[in-house]
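S.K.: Chains as they are written, first to last, in this note's numbering: chain Z, 4 to 260; chain F, 519 to 532.
C-beta: ideal position from N, C-alpha, C; glycine also.
Dropping the structure in here first, questions after.
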Amino acid sequence: MFEARLSQGAVLKKLIESIRDLVSEGNFDCSENGLSLQAMDSSHVALVAMLLRPDAFDPYRCDRSMPLGISLKSLSSILRCASNDDVITLRAEDPADQLSLVFENPQNDKVSEYVLNLMDIDSEHLGIPETVYDAVVHMSSSEFQRICRDLQQLSDSVSIDVSKEGVRFSAAGEVGSGSIALRQNTNVDSGDEATVIELQQQVNLTFSIKYLSMFAKTTPLCGRVTLCMSSDVPLLVEYKIDEVGYVRYYLAPKIEE
Amino acid sequence: TATQGRLDSFFKST
Numbered sequence: 004m005f006e007a008r009l010s011q012g013a014v015l016k017k018l019i020e021s022i023r024d025l026v027s028e029g030n031f032d033c034s035e036n037g038l039s040l041q042a043m044d045s046s047h048v049a050l051v052a053m054l055l056r057p058d059a060f061d062p063y064r065c066d067r068s069m070p071l072g073i074s075l076k077s078l079s080s081i082l083r084c085a086s087n088d089d090v091i092t093l094r095a096e097d098p099a100d101q102l103s104l105v106f107e108n109p110q111n112d113k114v115s116e117y118v119l120n121l122m123d124i125d126s127e128h129l130g131i132p133e134t135v136y137d138a139v140v141h142m143s144s145s146e147f148q149r150i151c152r153d154l155q156q157l158s159d160s161v162s163i164d165v166s167k168e169g170v171r172f173s174a175a176g177e178v179g180s181g182s183i184a185l186r187q188n189t190n191v192d193s194g195d196e197a198t199v200i201e202l203q204q205q206v207n208l209t210f211s212i213k214y215l216s217m218f219a220k221t222t223p224l225c226g227r228v229t230l231c232m233s234s235d236v237p238l239l240v241e242y243k244i245d246e247v248g249y250v251r252y253y254l255a256p257k258i259e260e
Numbered sequence: 519t520a521t522q523g524r525l526d527s528f529f530k531s532t
């Protein structure tokens with residue numbers, strides 16, 4: 004038996020909206036560690052790993068670890084029937100062939116019940132090694148989204164250059180080229196706007212903007228984003244979900260020939 | 519030109 008009640012149902016709505024364009028289906032694993040998902044996009048270029056810990060829910064009950072094979076498109080369709088301020092309860096029997104979703108409004112006078120048919124998904128699980136990154140950039144998630152949107156007009160690739168001066172995003176294509184440099188700025192009014200860099204050594208890597216733009220759809224979940232980079236390893240883009248979870252994206256770099 | 523890498527080259531299947 005799995006049962007998890009999420010008082011901020013909007014978190015689940017935003018979470019599914021943020022990943023549904025990257026992955027079409029996946030096994031959500033429920034266990035004593037919480038509700039998690041690891042899934043690669045169909046071209047094996049990007050991977051999403053998300054976790055909502057048990058303390059994201061009240062109550063959270065999972066008697067035995069089990070996968071819930073879910074079509075993200077179908078789950079998204081059902082979650083669109085929930086209002087942003089609804090409480091969402093997820094429930095599944097063991098073994099699970101259906102996921103029940105109950106939406107309760109804050110006034111406690113409307114209850115909607117939906118059932119999602121689950122799928123058998125034969126998914127590959129990748130071991131992600133612990134990595135000490137050469138450069139870590141903490142910045143505003145909406146600024147990151149804006150940069151991806153702007154540079155996507157010029158090219159399908161972006162170079163990210165991190166030095167002690169700051170971080171520079173640059174793109175070049177047929178129409179011309181552009182670059183956006185952010186300096187470290189911890190003295191700003193809003194904590195969300197600060198750009199903070201932890202640097203072991205300078206890095207310069209090239210990535211597909213299409214994927215970065217898809218990751219940036221997670222912006223409504225968190226005002227901050229962290230970019231972790233080392234030469235010749237996948238980029239890690241992390242959004243924290245309050246203190247109760249995260250959405251992490253890994254993106255294989257483009258390799259210069 | 520740059521070639522898009524794949525995650526399989528970096529992360530091993532478990």
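Going by DSSP, what residues sit across from Thr-92 (chain Z) in a beta bridge?
M.R.: Beta-bridge pairing links Thr-92 (chain Z) to Z:Arg-8 and Z:Val-105.
S.K.: Closer than 7 Å by C-beta to Asp-261 (chain Z): which residues in its own chain qualify, once you throw out the five before and the five after it? Chain order, please.
M.R.: One cannot answer for residue 261 (chain Z) here, as it falls past the ends of chain Z, which runs 4 to 260.
S.K.: Considering only their Cβ atoms, is the gap separating Leu-38 (chain Z) from Ser-77 (chain Z) smaller than 8 Å?
M.R.: Their beta carbons are not under 8 Å apart, which means Ser-77 (chain Z) does not touch Leu-38 (chain Z) by this criterion.
S.K.: Taking the alpha-carbon positions, what's the Gln-110 (chain Z) to Gln-11 (chain Z) distance?
M.R.: Using only the alpha carbons, I get a separation of about 14 Å.
S.K.: Pull up the CB-CB distance for Glu-96 (chain Z) and Cys-65 (chain Z), whole angstroms please, since I reckon it's below 8 Å.
M.R.: Going by Cβ atoms, the distance from Glu-96 (chain Z) to Cys-65 (chain Z) rounds to 12 Å, so no, they are not a contact pair.
S.K.: Return the bridge partner residues of Cys-225 (chain Z) from the DSSP annotation.
M.R.: Note: Cys-225 (chain Z) sits in no beta bridge, so no partner.
S.K.: Val-105 (chain Z) to Lys-257 (chain Z), Cα distance in whole Å?
M.R.: For Val-105 (chain Z) and Lys-257 (chain Z), the distance between alpha carbons rounds to 43 Å.
S.K.: Pull the bridge partners of Pro-70 (chain Z) from the DSSP assignment, please.
M.R.: According to DSSP, Pro-70 (chain Z) bridges with Z:Asp-32.
S.K.: Confirm, please, whether the CB-CB distance from Ser-27 (chain Z) to Ser-74 (chain Z) is below 8 Å.
M.R.: In this structure, Ser-27 (chain Z) lies closer than 8 Å to Ser-74 (chain Z) by Cβ.
S.K.: Using the C-alpha atoms, what's the distance from Asp-195 (chain Z) back to Gly-226 (chain Z)?
M.R.: Cα to Cα, the separation comes out at about 6 Å.
S.K.: Counting along the chain, where does the beta strand (DSSP E) carrying Cys-84 (chain Z) start and finish?
M.R.: Neither: Cys-84 (chain Z) is in no beta strand (DSSP E) and is coded neither H nor E.
S.K.: Between Thr-273 (chain Z) and chain F, is any beta-carbon pair separated by less than 8 Å?
M.R.: Since the first residue shown for chain Z is 4 and the last is 260, residue 273 (chain Z) is missing from the structure and cannot be characterised.
S.K.: Using 8 Å as the Cβ pair cut-off and three pairs as the minimum, do the stretch 54-62 of chain Z and the stretch 7-26 of chain Z touch?
M.R.: Flag = yes, the stretch 54-62 of chain Z and the stretch 7-26 of chain Z touch.
S.K.: If contact means a Cβ-Cβ distance below 7 Å, which residues of the stretch 111-132 of chain Z contact chain F?
M.R.: So the close ones are Glu-127, His-128, Leu-129, Gly-130 and Ile-131.
S.K.: At the level of alpha carbons, what is the spacing between Ala-255 (chain Z) and Pro-237 (chain Z)?
M.R.: Computed Cα separation, rounded: 4 Å.
S.K.: Going by the CB atoms, is the gap between Ser-531 (chain F) and Leu-239 (chain Z) shorter than 8 Å?
M.R.: Their beta carbons are not under 8 Å apart, which means Leu-239 (chain Z) does not touch Ser-531 (chain F) by this criterion.
S.K.: Hey, how far is the Cα of Leu-185 (chain Z) from the Cα of Thr-92 (chain Z)?
M.R.: Their Cα atoms are separated by approximately 42 Å.
S.K.: Quick one: residues in its chain with C-beta nearer than 6 Å to the C-beta of Leu-50 (chain Z), no 5 flanking neighbours on either side, listed in chain order?
M.R.: Contacts found: Met-43 and Tyr-253.
S.K.: Smallest Cα separation from Thr-198 (chain Z): which of Z:Gly-179, Z:Gln-204 and Z:Arg-171?
M.R.: Selected option, being the one with the closest Cα: Z:Arg-171.
S.K.: In angstroms, rounded to a whole number, what distance separates the CA positions of Phe-528 (chain F) and Asp-112 (chain Z)?
M.R.: Looking at the two C-alpha atoms, the distance is approximately 51 Å.
S.K.: Just by C-beta distance, which residues in the stretch 41-64 of chain Z are closer than 8 Å to chain F?
M.R.: So the list reads Met-43, Ser-46, His-47, Val-48, Ala-49 and Leu-50, given in the order they occur along the chain.
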